[in-house]
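Per our numbering, residue 440 is the first one in the sequence shown, and the count goes up by one each step.
For every residue, glycine included, the Cβ atom is placed at its ideal position computed from N, Cα and C.
What follows is a single structure, written as structure tokens, with notes after it.
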Amino acid sequence: MEIKVNYLDNLRLEAKFDDFSVISDQPIRYKGDGSAPGPFDYFLASSALCAAYFVKVYCNTRNISTDNIRLSQNNIVDPEDRYKQIFRIQVELPEDISDKDRQGIIRSIERCTVKKVVQAGPDFQIETVDNLDGDTQALLTIKPDGDS
């Protein structure tokens, strides 16, 4: 998926992909306007939303109501290395959910795509290009075996 970013006023940014647009900003303490979540906030939210999505799918396929299910994520930062973090996802389940479904819900959260990608450790390839639109066209013509 390609995401294109536009620079807006001050430190605000707009990411555009598919038919969506996401605005980010920085907190006032970092010289932003505090008008929107920062990029890292969206990253953190993506794993919580992904976990909740898998809970919802599990429950929907078994006709289990999610009305009284709550999910929360906290990131715990290592004071020695701020890039080392624990993402603690907690799910509150009603008492009437069976042990089998409780375990199934936990297993469904383990399937979260965001979690799996983060745990696999994605590679970032950073480069300059002459024309983003031209580069996108070139990517579309690359065959899976690497030949163009």
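Which of helix, strand or coil DSSP assigns to residue i
i: residue 450; result: coil
i: residue 529; result: strand
i: residue 511; result: strand
i: residue 521; result: strand
i: residue 499; result: helix
i: residue 556; result: helix
i: residue 516; result: strand
i: residue 573; result: helix
i: residue 534; result: coil
Proximity to residue i [Cα-Cα], best of the options
i: residue 554; options: 451, 480 and 486; result: 486
i: residue 470; options: 518, 451, 478 and 481; result: 451
i: residue 472; options: 525, 488, 479 and 448; result: 448
i: residue 552; options: 488, 505, 478 and 520; result: 488
i: residue 458; options: 466, 441 and 495; result: 441
i: residue 535; options: 507, 491 and 569; result: 507
Rounded C-alpha distance that separates residue i from residue j
i: residue 561; j: residue 572; result: 24 Å
i: residue 495; j: residue 505; result: 7 Å
i: residue 456; j: residue 463; result: 14 Å
i: residue 512; j: residue 568; result: 38 Å
i: residue 468; j: residue 478; result: 15 Å
i: residue 545; j: residue 564; result: 34 Å
i: residue 542; j: residue 502; result: 16 Å
i: residue 460; j: residue 443; result: 10 Å
Where residue i falls, given that 16 or more other Cβ within 10 Å makes a residue buried
i: residue 446; result: exposed
i: residue 484; result: exposed
i: residue 559; result: exposed
Residues bridged to residue i [DSSP beta-bridge criterion]
i: residue 462; result: 453
i: residue 444; result: 454
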